[in-house]
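Trainee: Line by line, the protein sequences give chains A and B.
If you read the first sequence in the numbering used here, its first letter stands for residue -16, the second for the next number, and so on.
If you read the second sequence in the numbering used here, its first letter stands for residue 221, the second for the next number, and so on.
For every residue, glycine included, the Cβ atom is placed at its ideal position computed from N, Cα and C.
None of these values were measured; they are calculated from a predicted model.
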Amino acid sequence: MNWEVIQSYLPLYEKAALLTLKIGWLGIAFSIVLGFVCAIIRHYKVPVLHRIVGIYIELFRNTPLLIQLFFLYFGLPKIGISIDAEVCGVLGLTLLGGAYMAESFRSGLESIEPIQTESAMSLGMSRLQTIWHVILPQAISSSVPAFVANIIFLLKETSVFSAISLMDLMFTAKDLIGLYSKTIECLAMLVVFYLLILLPVSIIGSIVEKKLRFAGFGE
Amino acid sequence: MPDLGLDVLFKGINMQRLLGGLWVSLRISLIAIAISIFLGLVVGWLMTRKNIVIKAVTRVYLEIVRIMPQMVLLFIVFFGTTRLFGWNIDAELSSVIVFSFWGVAEMSDLVRSALISIPKHQYESAYALGMSEGQTYLSVIIPQTFRRLIPLAINLITRMIKTTSLVMMIGVVEVLKVGQQIIEANRKASPNAAFGVYLTVFVLYFIVCWPISMFSKRLEKKWS
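#1: Just mark P339 of chain B as buried or exposed, buried being the case when its beta carbon has 16 or more other beta carbons within 10 Å.
#2: Within a Cβ cutoff of 6 Å, which residues of the same chain sit near L242 of chain B, ignoring the five residues on either side of it in sequence?
#3: Counting only Cβ pairs nearer than 8 Å, list the residues of chain A close to V231 of chain B.
#4: Just the C-alpha distance for N412 of chain B and F230 of chain B, rounded to the nearest angstrom, thanks.
#5: Between F319 of chain B and M389 of chain B, is the Cβ-Cβ spacing less than 8 Å?
#6: Could you run through the stretch 167 to 197 of chain A and flag, in chain order, every residue whose CB is less than 8 Å away from some CB of chain B?
#7: Does the beta-carbon of D67 of chain A have 16 or more other beta-carbons within 10 angstroms, so that it is buried, or is it exposed?
#8: With a cut-off of 8 Å on the beta carbons, I'd call V387 of chain B and A325 of chain B a contact; round off their distance for me.
#9: So the alpha helix (DSSP H) M389 of chain B belongs to, where does it begin and stop?
#10: Let me know if R279 of chain B comes out buried or exposed under the rule of 16 or more other beta-carbons within 10 Å of its beta-carbon.
#11: According to the Cβ coordinates, are M288 of chain B and M153 of chain A closer than 8 Å?
#12: Just how far apart, CA to CA, sit K165 of chain A and V29 of chain A?
#13: So L52 of chain A and C71 of chain A are supposed to be a Cβ contact under 8 Å. How far apart are they, rounded?
#14: What span of residues does the alpha helix (DSSP H) with W207 of chain A cover, start to end?
#15: Would DSSP call T378 of chain B helix, strand or coil?
#16: Less than 8 Å between C-beta atoms, sequence neighbours within five positions excluded: which residues of the same chain meet that for L137 of chain A?
#17: At the 8 Å Cβ level, is K408 of chain B part of the contact set with chain A, yes or no?
#18: Could you compute how far the alpha carbon of V244 of chain B sits from the alpha carbon of T383 of chain B?
#19: Would you say L92 of chain A faces chain B, with C-beta separation under 8 Å as the test?
#20: With a threshold of 8 Å on Cβ separation, who are the neighbours of V316 of chain B within its own chain once the five nearest residues in sequence on each side are excluded?
#21: Could you check what DSSP says for I403 of chain B in three-state terms: helix, strand or coil?
#22: For Q99 of chain A and H116 of chain A, what's the separation of their Cα atoms in angstroms?
#23: Starting from K28 of chain A, trace the alpha helix (DSSP H) in both directions and tell me its first and last residue.
#24: Alpha carbon to alpha carbon, how far is C429 of chain B from Y281 of chain B?
#25: For the stretch 109 to 195 of chain A, which segments carrying the alpha helix (DSSP H) assignment without a break, of at least 4 residues, lie completely within its bounds, in sequence order?
#26: With a threshold of 8 Å on Cβ separation, who are the neighbours of T302 of chain B within its own chain once the five nearest residues in sequence on each side are excluded?
#27: Less than 8 Å between CB atoms is the rule here; does N45 of chain A satisfy it with respect to chain B?
#28: Which residues of the stretch 280 to 299 of chain B have a Cβ closer than 8 Å to any Cβ of chain A? Give them in chain order.
#29: On the CB-based measure, 16 or more other CB atoms within 10 Å of its CB, does M(-16) of chain A come out buried or exposed?
#30: Taking a contact to mean a Cβ-Cβ separation below 8 Å, would you say I427 of chain B touches I374 of chain B in this structure?
#31: When you compare the stretch 103 to 118 of chain A with the stretch 183 to 192 of chain A, are there three or more beta-carbon pairs, one atom per stretch, that lie closer than 8 Å?
#32: Please tell me whether F415 of chain B and K61 of chain A are closer than 8 Å, where the distance is taken between their beta carbons.
#33: Work out the CA separation of L304 of chain B and L2 of chain A for me, nearest whole Å.
#34: Do you know how far the Cα of L335 of chain B is from the Cα of Q355 of chain B?
#35: What is the rounded straight-line gap between the Cα of L246 of chain B and the Cα of P(-6) of chain A?
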């Protein structure tokens, strides 16, 4: 292990980590929104849209992100749709994440017994009030563990962005290994940087899971 | 209608080559899946033991797998071990090692949570009826565990198949790499091949994974 080498590589890795974080968090934020909308559409069976959303979810849950990115980045320009690599990364992550988030959130919605809606209605709440005060808080609470798992999964998936030549951590490591073959230092730094990004998420995630476990009354 | 570059698939043996590439990734995932299921059952059962050392070791193992991207593990096994120990592990074997390492962790976690979800009174009632420990496991615990386990394990299988697409990054010539080769070779004749070929690869993965996930969903509904 050569510390001078590590020091000289550090700025490159920092830049790459920032890119990974930027694309990762943007993609995750968008995928939560997309997943939320899709889950509501699926759950309340909005006509027409709910079929389209169903097809979208199945398509993107059953194909790897790497292939999706190749199609978006190298395939689409051939029919006249060119997307910048960073936008492509965010878009790919959002489409993949949206499908996963939608499924997690939908199973949260489905886990709520009809009696909850009936009770809220009989207390004189309107339909919107019921959804907002009774259904959503419980659905979110019971889908938190799946959400956390999805967020970690999506952050890990960002490692495939190097394939569409985004200069993320993986790309930087591969590039530096190719140029100077300081393999051990490069790989060690790669591991440390991914730990720095993912370990806090994993720890905070398990704390949040415990704090938000209030749904499932009477179990 | 723009040229979708689908014609290239019907030239020569391009389609067979793509399918051959798909088989390379499937073969890697099938071997890794077999290893994961077998070792995962053992490790998962070990994890329910009350031994502190086993608990600590498996916990660290699980966290490593949970946190490290599979691509990083692939790089470590493929590039790192050569540098560190002078081992020359070829790309396919590296992939099998990494995906088994990952799959065993995931599988054992599923086995563990399925086992601990069986209420204690099931064991106690079986003992009270005079069953031995072996009998209890064989006719009471394992059948119940399997119902919870199988849909989740099938889900894991599709995840492993999807993740094997990464092996292209360490130089295994699988479906995506074959696709690239076809596109390069037909650069002049069909300049839009990238669209058609990548779309086909996308559809191929979907055709492989979708029936498996549907099957797992149906089992889950039926058995819950």
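Mentor: In short, the structure shows the following:
#1: Residue environment for P339 of chain B: exposed (fewer than 16 other C-beta atoms within 10 angstroms of its C-beta).
#2: So the list reads V395 and L424, once near-sequence residues are dropped.
#3: The sequence shown places Lys at residue 231 of chain B, not Val. Per Cβ cutoff of 8 Å: no residues; K231 of chain B is ~17 Å from chain A at best.
#4: Spanning the alpha carbons of N412 of chain B and F230 of chain B requires a straight line of approximately 14 Å.
#5: It is not a contact, given that the beta carbons lie outside the stated cut-off.
#6: Within the stretch 167 to 197 of chain A, the residues whose Cβ lies closer than 8 Å to any Cβ of chain B are, in chain order, I167, L170, L173, V174, Y177, L178, L181, L182 and S185.
#7: Classification for D67 of chain A: exposed.
#8: The beta-carbon distance between V387 of chain B and A325 of chain B, rounded to whole angstroms, is 19 Å. This is too long to meet the 8 Å contact definition.
#9: M389 of chain B: not part of any alpha helix (DSSP H); DSSP gives it neither H nor E.
#10: Exposed is the call here.
#11: Their beta carbons are not under 8 Å apart, which means M288 of chain B does not touch M153 of chain A by this criterion.
#12: Pairing K165 of chain A with V29 of chain A, the inter-Cα distance amounts to about 56 Å.
#13: Yes, L52 of chain A and C71 of chain A are in contact; Cβ-Cβ is about 7 Å, under 8 Å.
#14: Absent from the structure is residue 207 of chain A, since the part of chain A shown begins at -16 and ends at 202.
#15: Looking at T378 of chain B - three-state DSSP - the assignment turns out to be helix.
#16: Around L137 of chain A: G7, G10, I11, S14, L76, L79, G80 and Y83.
#17: At a cut-off of 8 Å, the C-beta of K408 of chain B has no neighbouring C-beta in chain A.
#18: Linking V244 of chain B to T383 of chain B through their CA atoms gives a straight-line distance of about 13 Å.
#19: No, L92 of chain A lies away from the interface with chain B (no Cβ there is under 8 Å from its Cβ).
#20: The beta carbon of V316 of chain B is closer than 8 Å to those of I248, I251, A252 and I255 in its chain, skipping five residues each way along the sequence.
#21: Three-state result, I403 of chain B: helix.
#22: Note on geometry: alpha-carbon atoms of Q99 of chain A and H116 of chain A lie some 11 Å from one another.
#23: Note, K28 of chain A: premise wrong, no alpha helix (DSSP H); not H, not E.
#24: Approximately 28 Å, taken between the alpha carbons.
#25: For the stretch 109 to 195 of chain A, the full-length alpha helix (DSSP H) segments reaching 4 residues or more read 119 to 140, 152 to 163 and 166 to 194 along the chain.
#26: So the qualifying residues of the chain are N308 and I309.
#27: Yes, N45 of chain A counts as interfacial toward chain B.
#28: Against chain A - using a Cβ distance shorter than 8 Å - the residues of the stretch 280 to 299 of chain B are E283, R286, I287, M288, P289, Q290, M291, V292, F295, I296 and F299.
#29: By the Cβ neighbour-count rule, M(-16) of chain A is exposed, with fewer than 16 other Cβ atoms within 10 Å of its own.
#30: No. Outside cutoff.
#31: Touching, no, given that fewer than three Cβ pairs across the two stretches are closer than 8 Å.
#32: Yes; because the gap between Cβ atoms is below 8 Å, this pair is in contact.
#33: L2 of chain A and L304 of chain B: Cα-Cα distance of roughly 29 Å.
#34: Approximately 16 Å, taken between the alpha carbons.
#35: Each residue's Cα considered, the two are about 39 Å apart.
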